[in-house]
Every structure is written in C-alpha cells, then in structure tokens.
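**Student:** My structure is below; once you've seen it, I'll send some questions.
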C-alpha cells in the first residue's frame, strides 16, 4: 500500500508531465507551431505599422497626395519600399552585387558585398548571449532584469584578465579571459538568487539595484585600479593582450569573428542542458510550478541560486565577447542596452535557445541596417527602435495579435490551473 508521501510524489510527477509536455510528441509539435505563430505575426505587424509611420511622417507623401490620390498612394509605396529595401540591403547586402561578385570571382569584391550580412552576425552575437541569459532565468521562473549589470561585471573581469596576464599562449589566454567574463557575470547574478532564497527579496528589485552598483563599480575601476596610464583619469582600461583577443576572420573593415560561433555553441549547450539533463528538467519544472516541484523532492533554493548564476554567466559572456572580439579595451559606454534588450529577445524567442538565436539575428540585422536606411532614405534610426518596440508589445500581449488575426486562444494556456504562456512557458 502506497504511503501518502509516495502518492504526493506520484501525483506531482503526473502534474509535471502535464506541465512540461514530457513524453507527448503530438503536444510538443502543436506547441512548436503555436510558439512561432505569435512572434512571426508580431514581426509582420510591426513592419506594417512601421511602414505606416514612415508614410505619415514623410513630407514627400503629403505633397504627392496634394496632386491626387493615385499619385499619393504610389509615393507611399515607393517611400516605404525604398526604406525597407535599404534596411534589407544594409543588413543582408545587395543580392545583385553579391551575385555579380561571385560571378567575377574577385575575393575582395565578394568580401565587400557580403560584409553587411557578416556585420549583422557581429551585431547579433552579444544579443545571443544576453538573450540566452534572460531566457534561462525565465525558464527558472526568475525575472533576471540584471543582465546589463552582469554584462558590465563580466566585461570588467574579462578586461582585467585580458591585459594583466602576459606570457600565455593564445589558446589558453583567450579562453581564460572569456571564462573570467562568465565568472564575473555569474557571481554578480548569483547575489539576487541568494537574496531571494535567504531573505525572500524580490529578484526584480534586487537586480535593478545590482545594475546601479555594477555601473558605479566599473566606473570606479576604470578611473582607478584599471585606468589606462597616460589618459588623465579618463574611464578607459588598458588594451588587452593580443593573445586574449577573440580572432577575427578577415582584415578590416570586416569584423566577423569567432565569437559568433561560440555564441551558437553556447545556445546549443543551453538547449541540451534545459531539455536533455535532469538539472534542466528540474529548472523548467521549478519555473513552471514550484509547489509540484517541492512535492517531487526538487530543491527550489538550489535551483534558484544556480539558475541565477548560470543566467549571469551568460550575460558576463556577452560583456567578455564585446571586449575580446570588438573593443579590445573597456570604456563606460560599453553596452548599447544589450542587457535590457535581452528581455525582449527572450520574449520574442519564447525563452527557447533556438528562438533566442533567431530573435537575436533579427535585432542584429535591424540594428545594422538602420544606418543605411537613415543615409539612403533619410529615415531616422528611431523608426527601427519603434518597430522593435511594437514587435515586443505584440509578443508580450498576444491577445492583440489574436484579436487582429482572429486566432483562437490555445486551451493549454489555462491547463492545470496555471498560465503556460508566462516567462517559462512552452518548449
């Protein structure tokens, strides 16, 4: 006869299987298509509204409508088409130029023609690390809004190891500096996890405060112990050793580097840990339903602390990547908001490593192509920021997309008394 304790454990296991969809391929397939449906429609809708904004803010369009409706409509299509085509070619490259370069067989022309695409991959790399950091936190049921601060601390650690250690070969120095960045971010991320477990402090508030502390600590380091000699106290670190640099594949101005493939490798590792290991299963289960996890014998405290540490380590890698692959030294303006954009990336990617990669590629392409769109079409870069914001709004509030496109609300979202479309929902 089963004891009440064993009955609770068995019941919890059944609940966990229902929550995570383990062992149900058909449910997983439905979940996959449902998970990409909203993000794809959100991107399309964001681009459509972005086109409308471009049209209504163009003086050329108003002048054309003054001469007739048909002429005005034609001008709208031309203005929006030109803007988005410049955005596309600025982020991917001109297809005609790429084909012509390949046919000519000129290596220099080929590299130049594909440089916009390669630069988009460069811009996407820190987004991948930062997005994975936030997604991992979401999977654990934790809102890690401290990615920006963890990125800064990881960058500081990677910078220090990068310039202060000499005499090491590149195959040791570069990984060591990169891992130092992961350690710096991981330790910084662990603090809110410890505070949550030991004091019950909300990780959102603690992470926000840790961001401010990280800014001040790195500023002090860059104007004090880590300042570059001869700069008059400017917040700038010494240049890292050549042996600590993440190698770039081509000569300037092409900046494509090994860090992109490292980011893809860590995305694969995060996927494997989340969906193929016991710890990943525990983390997802704790994030989905802590009560069922506790009944099943899982340690919520341990999972919370390690989850925040792992999330912080990925954020630290984003900072280390920027130092070792691109900047070669640390300054105050290191990040252009990667840490806060990571929340959007995790939402857009449904907190899944593969989804985060595609979301990061989109954000990297938009960021890279925005400059050419501004030069060619005189469209402010802020338009791209608005498009990104619209996409995130639609992903964060899927009811808007369902209302626009008349989509049915999934029944599973309210299964077992919880919301599966929350931070850690779906696979």
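In the working numbering, the protein residues as written are 6 to 432.
Heads up, the beta-carbon is just placed ideally off N, CA and C, and yes, glycines get one too.
1) Let's test the definition: count the other Cβ atoms within 10 Å of the Cβ of residue 112 and tell me whether it reaches 16, buried, or not, exposed.
2) Based on Cα-Cα distance, which residue from 136, 249 and 213 lies nearest to residue 176?
3) Tell me whether residue 4 sits in a helix, a strand or coil according to DSSP, three-state version.
4) For residue 92 versus residue 374, is the C-beta distance shorter than 8 Å?
5) Check residue 336 in the structure and name its three-state DSSP category.
6) Would residue 143 count as contacting chain C if we go by Cβ distances under 8 Å?
7) Please return the same chain residues whose Cβ sits closer than 7 Å to the Cβ of residue 144, not counting the five positions on each side in sequence.
8) With a Cβ-Cβ cutoff of 8 Å, do residue 159 and residue 325 count as a contact?
9) Cβ atoms of residue 150 and residue 212: under 8 Å apart, would you say?
10) Of the choices 341, 378 and 85, whose alpha-carbon is the least far from that of residue 61?
11) Specify whether the region 245 to 259 and the region 314 to 329 touch according to this definition: at least 3 beta carbon pairs, one from each stretch, less than 8 Å apart.
12) Which partner residues does residue 241 have in the DSSP bridge list?
13) What's the gap between the Cα of residue 106 and the Cα of residue 228?
14) Which class does residue 253 belong to by DSSP, given the choice of helix, strand or coil?
15) Please report the straight-line C-alpha distance between residue 99 and residue 396, rounded to a whole angstrom.
16) What are the start and end residues of each continuous beta strand (DSSP E) run of 3 or more residues lying completely inside the region 32 to 90, in chain order?
17) Let me confirm a value: residue 372 is counted as buried when at least 16 other C-beta atoms fall within 10 Å, else exposed. Which label applies?
18) I need the DSSP call for residue 303, collapsed to helix, strand or coil.
19) Is it buried or exposed, residue 12, if we count other Cβ atoms within 10 angstroms and call 16 or more buried?
20) Is the beta carbon of residue 347 sitting closer than 8 Å to the one on residue 136?
21) Taking only the alpha-carbon atoms, compute the straight-line gap between residue 162 and residue 182 and give it to the nearest angstrom.
22) Buried or exposed: which applies to residue 414, given that a residue is buried once 16 or more other Cβ atoms fall within 10 Å of its Cβ?
23) Determine whether the beta carbon atoms of residue 352 and residue 402 lie at a separation below 8 Å.
24) CA-CA distance, residue 275 and residue 341?
25) Could you tell me the boundaries of the alpha helix (DSSP H) in which residue 246 lies?
26) Closer than 6 Å by C-beta to residue 140: which residues in its own chain qualify, once you throw out the five before and the five after it? Chain order, please.
27) Please tell me whether residue 56 and residue 69 are closer than 8 Å, where the distance is taken between their beta carbons.
28) Could you give the residue range of the alpha helix (DSSP H) that holds residue 178?
29) What residues in its chain sit with their C-beta under 6 Å from that of residue 165, if we drop five residues either side in the sequence?
30) What residue range is occupied by the uninterrupted alpha helix (DSSP H) comprising residue 130?
31) Spatial neighbours of residue 377 within its chain, please: C-beta separation below 6 Å, excluding the five flanking residues on both sides.
32) What do you get for residue 420, buried or exposed, if any count of 16 or more other CB atoms within 10 angstroms of its CB means buried?
**Tutor:** Looking at the atomic coordinates:
1) exposed
2) 249
3) Since the first residue of the chain shown is 6 and the last is 432, residue 4 is not available in this structure.
4) yes
5) strand
6) Among the protein chains of the structure shown there is no chain C, as only one such chain exists.
7) 279, 288, 289, 292, 356 and 429
8) yes
9) yes
10) 85
11) yes
12) 336
13) 48 Å
14) strand
15) 25 Å
16) none
17) buried
18) coil
19) A caution first: residue 12 carries a pLDDT of 49, below 50, which makes its placement in the model too unreliable to give a value.
20) yes
21) 8 Å
22) exposed
23) no
24) 25 Å
25) No alpha helix (DSSP H) holds residue 246; DSSP gives it neither H nor E.
26) 351, 356 and 361
27) no
28) 175 to 204
29) none
30) 112 to 144
31) 91 and 95
32) Reliability fails at residue 420, whose pLDDT of 34 lies under 50, so the model's placement of it is uncertain and the value that follows must be treated cautiously. It is exposed - the Cβ of residue 420 has fewer than 16 other Cβ atoms within 10 Å.
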